[in-house]
Structures are given as C-alpha cells and as structure tokens.
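Undergrad:
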Amino acid sequence: MIKSIVLFILAGLAEIGGGYLVWLCLREGKPLYWGIFGGFILALYGVIATFQSFPSFGRVYAAYGGVFIVLSILWGWGIDRKAPDLYDWIGAGICLIGAAVILFAPRQ
Numbered sequence: 045m046i047k048s049i050v051l052f053i054l055a056g057l058a059e060i061g062g063g064y065l066v067w068l069c070l071r072e073g074k075p076l077y078w079g080i081f082g083g084f085i086l087a088l089y090g091v092i093a094t095f096q097s098f099p100s101f102g103r104v105y106a107a108y109g110g111v112f113i114v115l116s117i118l119w120g121w122g123i124d125r126k127a128p129d130l131y132d133w134i135g136a137g138i139c140l141i142g143a144a145v146i147l148f149a150p151r152q
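My numbering applies: residue 45 is where the sequence shown begins, and numbers increase by one.
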C-alpha cells in the first residue's frame with residue numbers, strides 16, 4: 045500500500061507540476077522551454093501511473109483523481125499562496141473517501 049501511495053503522489057506532482065509549467069509558459073509569458081519541459085513532465089506522469097499494481101486502468105485513474113484533488117489544493121496553498129477553506133477540505137476528504145472505495149472495495 046505504501047508503494048501505491050508513493051506512486052499516486054509522484055504521479056500527481058508530475059501532472060500538477062508539468063501542467064503548472066505549461067500554464068506559466070502560455071498564460072504568464074514564461075520562456076517556451078518552460079512549456080516544453082512541462083510537457084515532458086506531463087508525459088512522465090503517464091509513465092509513473094503504469095507502475096501501479098492495480099489491474100484496472102480505469103480504477104487507478106479514477107482513484108488517482110481523488111489524490112490529484114488533494115495535491116492540487118496543497119499546491120495552490122504552497123505555490124500560489126491561496127489558503128484552502130473549510131469547503132476545500134471537505135470536498136477533498138469526500139474525494140479521498142471515494143478513491144478509497146474505488147480501489148479497496150471488495151469485489152468478486
């Protein structure tokens with residue numbers, strides 16, 4: 045389970061970080077190579093996710109969505125200095141519960 049959590053976090057940081065670099069390039073006038081590097085990191089995100097041990101692509105990516113939401117809130121707080129409010133945390137908690145249900149519910 046630790047390996048899965050680490051992979052979810054690494055994939056999330058790659059997706060958010062790569063997307064952020066593209067955002068800075070296209071929306072805030074940073075150099076083109078920032079956007080190119082961001083695109084490379086976004087591709088790396090797709091590779092990292094393949095190391096998950098869960099057999100279903102759809103379930104891994106659906107559950108990853110919950111982790112992505114939490115990491116996005118933390119990224120906004122740490123990088124953009126936008127403090128999350130109570131509703132951000134409630135929504136993130138709901139998403140994490142949903143991700144846990146998707147991954148760990150008993151199936152036949």
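Note that CB positions come from ideal geometry on N, CA and C, so glycine has one too. Note that this is a predicted model, so its numbers are computed, not measured.
Have a look at Trp121 and Pro128 and give me their C-alpha separation to the nearest angstrom.
TA: Counted from its first residue, the sequence shown places residue 121 at position 77. Counted from its first residue, the sequence shown places residue 128 at position 84. Rounded to the nearest angstrom, the two C-alpha atoms are 7 angstroms apart.
Undergrad: Does the beta-carbon of Gln152 have 16 or more other beta-carbons within 10 angstroms, so that it is buried, or is it exposed?
TA: As a working mapping, residue 152 is identified with position 108 in the sequence shown. Looking at its Cβ environment, which holds fewer than 16 other Cβ atoms inside 10 Å, Gln152 is exposed.
Undergrad: Where does Glu59 sit, in a helix, a strand or coil, going by DSSP?
TA: Residue numbering aside, residue 59 sits at position 15 when the sequence shown is read from its first letter. Note: Glu59 maps to helix in three-state DSSP.
Undergrad: In chain order, what are the residue ranges of uninterrupted alpha helix (DSSP H) at least 4 long that sit wholly in the segment 77-144?
TA: Correct list: 101-122.
Undergrad: Considering only C-alpha positions, which residue in the set Ala93, Leu68, Glu72, Gly102 is nearest to Lys47?
TA: On the sequence shown, residue 47 is found 3 positions in, with the first residue counted as 1. Minimum Cα distance to Lys47 is reached at Ala93.
Undergrad: If you draw a straight line from the alpha carbon of Phe84 to that of Pro150, how long is it in whole angstroms?
TA: As a working mapping, residue 84 is identified with position 40 in the sequence shown. As a working mapping, residue 150 is identified with position 106 in the sequence shown. Cα to Cα, the separation comes out at about 37 angstroms.
Undergrad: For Val66 and Tyr131, what's the separation of their Cα atoms in angstroms?
TA: Along the sequence shown, one-based indexing puts residue 66 at 22. Along the sequence shown, one-based indexing puts residue 131 at 87. Each residue's alpha carbon lies about 28 angstroms from the other.
Undergrad: With distances taken Cα to Cα, identify the nearest neighbour of Ala55 among Ala87, Phe98, Ile117.
TA: Reading the sequence shown from its first residue, position 11 is the one you call residue 55. Nearest of Ala87, Phe98, Ile117 to Ala55, Cα basis: Ala87.
Undergrad: Nearest to Ile146 by alpha carbon, out of Leu118, Leu68, Ser100?
TA: Here residue 146 refers to the residue found at position 102 when the sequence shown is read from its first residue. Residue Ser100 is the option with its Cα nearest to Ile146.
Undergrad: Which value, in whole angstroms, describes the spacing of the CA atoms of Leu57 and Leu115?
TA: In the sequence shown, the residue the question calls residue 57 occupies position 13. In the sequence shown, the residue the question calls residue 115 occupies position 71. Spanning the two alpha carbons is a distance of roughly 7 angstroms.
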